[in-house]
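Each remark here refers to the structure printed beneath this line.
There are 4 protein chains.
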Amino acid sequence: MIADFESLEIYPMTHEIDALIEDLVIANKILYNEGVVDGFGHISVRHPSLENRFFIAKSMAPGLVTAQDILECDFDGVVHDPQNRKSYVERFIHSEIFRARPDVNSIVHSHSASVIPFGVTSQRLRPICHMSGFLGSQTPIYEIRHTAGETSDLLINSQKLGKSLANILGSATVALMRGHGSVAVGTSIKQVVYRAIYTEVNAKLQLESMKIGTVDFLTDAEALATSAMADVHLDRPWALWKEKALSSHG
Amino acid sequence: MIADFESLEIYPMTHEIDALIEDLVIANKILYNEGVVDGFGHISVRHPSLENRFFIAKSMAPGLVTAQDILECDFDGVVHDPQNRKSYVERFIHSEIFRARPDVNSIVHSHSASVIPFGVTSQRLRPICHMSGFLGSQTPIYEIRHTAGETSDLLINSQKLGKSLANILGSATVALMRGHGSVAVGTSIKQVVYRAIYTEVNAKLQLESMKIGTVDFLTDAEALATSAMADVHLDRPWALWKEKALSSHG
Amino acid sequence: MIADFESLEIYPMTHEIDALIEDLVIANKILYNEGVVDGFGHISVRHPSLENRFFIAKSMAPGLVTAQDILECDFDGVVHDPQNRKSYVERFIHSEIFRARPDVNSIVHSHSASVIPFGVTSQRLRPICHMSGFLGSQTPIYEIRHTAGETSDLLINSQKLGKSLANILGSATVALMRGHGSVAVGTSIKQVVYRAIYTEVNAKLQLESMKIGTVDFLTDAEALATSAMADVHLDRPWALWKEKALSSHG
Amino acid sequence: MIADFESLEIYPMTHEIDALIEDLVIANKILYNEGVVDGFGHISVRHPSLENRFFIAKSMAPGLVTAQDILECDFDGVVHDPQNRKSYVERFIHSEIFRARPDVNSIVHSHSASVIPFGVTSQRLRPICHMSGFLGSQTPIYEIRHTAGETSDLLINSQKLGKSLANILGSATVALMRGHGSVAVGTSIKQVVYRAIYTEVNAKLQLESMKIGTVDFLTDAEALATSAMADVHLDRPWALWKEKALSSHG
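Protein chains in written order, with numbering that gives the first Met the number 0: chain A, 0 to 249; chain B, 0 to 249; chain C, 0 to 249; chain D, 0 to 249.
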């Protein structure tokens, strides 16, 4: 294991990895600063060259993560760290989605507040505006009771649970988890950060709109078109979020 | 084109333009700091002397805009910039409203949160207090499907769409855009910033009020009188917003 | 008039007045920092020795007020200022309440957000917890249409309107103003700041509670007892609010 | 009394006590910074060696508390302080719960906003997500009228009232107080701070969820399992809250 890990040091693409880890650290701070995560929640990024590996922080609050806290984890959920530090109990959310979805390179798991109501009621989260077309025509809900029964602690703390979550996610961009939170996936850190933030925004807008009337959601075609449009504008909010997060965190 | 642009450098009213651009930059920061825009949204101001021209930032988050980022655009949506930088895809919101409304000198487009519900439900945004009389007796709603069909990305990215939006706006001060946001217009930067901020405030107040009962809105005459009253008090909040925005942005 | 004003300079109680004005300035900043006022709203304090006089800022945003901005105004709404600066158009709120209520020494007028819904619907603002017993068994609502008709700009910009507002306030501590805001009165700056802040808090709590069920409000006797109790604890939140406001405003 | 108090100075476990008081000070700041307390509310911790004693701040806003402000109080509500400073009128909340619950080592009393609606309506606060399983299957509500009648000031200002509150709390982790606030208990400062914060979070999530549909709460077994799970993760949010609170308070 140590040999595998040290390969990171001598790997010719060290600069690329350093840049990726720097973005992962910034993403951790952005997600805290924009209110998507609090003391809990996590973001990962697929290793750019080693198969079945991804980067994720050790078990700690995202808002405090630095580059020294990033660990390498494999798709069986085994952490490869010379210091034997531990990552999150729920790293199986990441490992199994990376395994099931080759198109996904970055994953956010959060408990953001406005999304929770759509996991515990019969109301479905749907795209209400052009910023959140990535939600598509339906957002699947993961009910852990179907796999773990009615006495679990709701955590995705095993490969089995991770696989069942990945199965519910299917080809979607976001899945809600009943009584827990949500997971968002993307092809890049910037895209998944955008999606995690605007999933929360959409949920907040939808909550308010539903209270005053029947909502005219995006058509499926509008969702598709706006999602594609958003992808070419990812740098714009990232630049803002990054500056704000870094200036807030010293 | 370059010749046209350089006329800006030698124009005798350089000082006036510099002051206008400074206010435009401050307005960008205010709109971010007061929560009207996030990473997206934009504000423009009509050129004080050149016909069919206006100033607007290059394509970037409003909260990060500096004087060096302001571009000159014409009413066909063509940007005149020696560095060939690009402005927003939706600059046609501005160009076509400036063309249709000679009384308008400044325009804000935003996705401010409390306004969205009034664009996607059958509830109409109406003036609920003396700060927002400018909303008048009705706030028109722009449905892009009437012009672009049901598969668009909802952006006002052409002259045709800009014209249709300007047509719906008519002589109003604010128009909502279904599933997208809103546009506010004014005779000056200070007025339109005031209107953009209090459109959001009014929407928030109206959402809360509607949840507990039937709302007693301003009469049309009260809306008219309070709108005129607000116009003589624009400097007061501007001074506050400016100080707060500048101290927040370093 | 100038003679009267200059008496302030030579008055033996200069130190008391300086301290009072310092507290008035701090109160302005607190009300902004705690979200009770934005660019608009005002607070006044009765002159400690000159009859029919009170202190209030010149026409400006409360959050920016300094000791140099405090003016002296009489009960006819005439400002006595050697520099001929102007105070708020609505200074008659203060002058007429001070005239009608000898027990009142400080007054806040604001547009705080959660209070507005209770002025434009049939729901009455009532004390929901022990912090806001001062609201008593009923909070009167001022309908300016009864005095100014249906075409006014809603401002209390004359003695006549000020008197009609003072009449509706009667012996209460807070009166709501339809489509406008509220006014709170107290025997001291600390008390009225407390009341203005907890009027907003109570309104917010009541809005949320009403959405999920029938509310069990304080009994009249509980309102009375908690109001007396709160009066002996005014220094505690004031110390906090002061430190926060001063550290926010540099 | 003074002799008892001075024993604190010569006690061999001085370092342990210093560390406990330091955590108590940090907890005060965290509770303010995370919005659980405002100018009012308090947190206590049981004395690690002296029976029938606990530490709590003198009567002041939690956000301003320093180590010098911590007093020692006994289970009869008597403060043992050489400077004869006073603690909170409601210290009986703490003294009587410590007396009745040997398993409890730290207590928070607050008026956090989202919890209030569940004390004044017929809706019960229940665990809606895995972060708040400690709420268990029911959250008891204390109605002070049953003990103090309908004319009280709602404060727990006597041993009698403290005992009646402790009685209603029973073996629960959180009790609501009608028209007042709530009390949370824990085996440690970190646990009770976590519980106070996530009681507010749960209340906010439940308010929003109830507005859009029928809520699928945690099963009792899920509540139990998630509560145990949360207890092994207390350091993670504490590290974040501590850094944020200390950097906010200078």
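Even glycine gets a Cβ: it sits at the ideal position worked out from N, Cα and C.
Membership of F216 (chain C) in any alpha helix (DSSP H) is not indicated, and neither H nor E is assigned to it by DSSP. Annotation for F53 (chain A): no alpha helix (DSSP H) segment contains it, though the beta strand (DSSP E) segment containing it runs 52 to 56. Interface criterion not met: the Cβ of H145 (chain C) is under 8 Å from no Cβ in chain B. Annotation: the continuous beta strand (DSSP E) that includes I42 (chain B) extends over 41 to 45. Take N51 (chain D), set aside five residues on each side of it, and the residues of its chain with a beta-carbon closer than 6 Å to its own are D73, F74, in chain order. Shortest Cα-Cα distance from S113 (chain B) to any of B:D219, B:D22, B:A202 involves B:A202. If you ignore the 5 residues before and after G180 (chain D), its C-beta comes within less than 8 Å of the C-beta of G40, H108, S109, H110, S111, V114, I115, G118, all in its own chain and listed in chain order.
Excluding its 5 nearest sequence neighbours in each direction, S187 (chain C) has C-beta neighbours in its own chain below 7 Å: N104, S105, listed in chain order. DSSP places I96 (chain D) inside the alpha helix (DSSP H), whose first and last residues are 90 to 99.
Annotated three-state conformation of G185 (chain D) is strand, per DSSP. Beta-carbon to beta-carbon, F133 (chain A) and R194 (chain A) are separated by about 5 Å, close enough to satisfy the 8 Å threshold. Out of A:L217, A:D219, A:V35, A:Y197, the CA that lies nearest to the CA of D230 (chain A) is found in A:Y197. Between P116 (chain A) and chain D, the shortest Cβ-Cβ separation is below 8 Å. Against chain C, the CB of L49 (chain B) has no partner CB under 8 Å away; the residue lies outside that interface. Taking the beta carbon of A112 (chain C) as reference, the chain B residues within 8 Å of it are V200, K203, L204, E207, listed in sequence order. In this structure, DSSP gives D73 (chain C) an extended state, which the three-state scheme calls strand. Around the CB of P236 (chain A), 16 or more other CB atoms lie within 10 Å, so the residue is classed as buried. The stretch 151 to 169 of chain A and the stretch 57 to 70 of chain A do not touch, with fewer than three beta-carbon pairs separated by less than 8 Å. Looking from the CA of A26 (chain C), the closest CA among C:M12, C:D219, C:T13, C:L63 belongs to C:L63. Looking at A:W240, A:P139, A:I143, A:I155, the one whose alpha-carbon comes closest to that of G169 (chain A) is A:P139. For V24 (chain B), the enclosing alpha helix (DSSP H) stretches over residues 13 to 32. Look at T218 (chain D): its C-beta is under 8 Å from a C-beta on chain A. Residues of chain A whose Cβ lies closer than 8 Å to the Cβ of H179 (chain B) are, in chain order, C128, H129. Nearest in C-alpha terms to A147 (chain C), of all of B:T146, B:Q137, B:Q205, B:E221, is B:E221. Residue state for V78 (chain C) is assigned as strand, using DSSP reduced to three classes.
DSSP, reduced to helix, strand and coil, places L175 (chain A) within a strand of the structure shown.
Within 10 angstroms of the beta-carbon of D102 (chain B) lie fewer than 16 other beta-carbons, which makes it exposed. The bridge partners DSSP lists for H108 (chain B) are B:H41, B:V182.
Listed along chain C, the residues sitting closer than 8 Å to E149 (chain D) by beta-carbon distance are T218, A220, E221. Taking C-beta atoms as the reference points, A238 (chain A) and A66 (chain B) fail to come closer than 8 Å.
Chain A has no Cβ within less than 8 Å of the Cβ of M228 (chain B).
Short of 7 Å from the beta carbon of G38 (chain D), and not among the five residues preceding or following it, lie these beta carbons of its own chain, in chain order: A60. Along the stretch 235 to 247 of chain C, the positions whose C-beta sits under 9 Å from a C-beta of chain D are R235, P236, W237, A238, L239, W240, E242, K243, S246, read in chain order.
For L70 (chain C), no chain B residue has a C-beta closer than 7 Å to its own C-beta; the minimum C-beta separation is roughly 15 Å. At a Cβ-Cβ threshold of 8 Å, A244 (chain D) and N32 (chain D) count as neighbours. Under the Cβ criterion of 8 Å, D80 (chain A) is not counted among the residues facing chain D.
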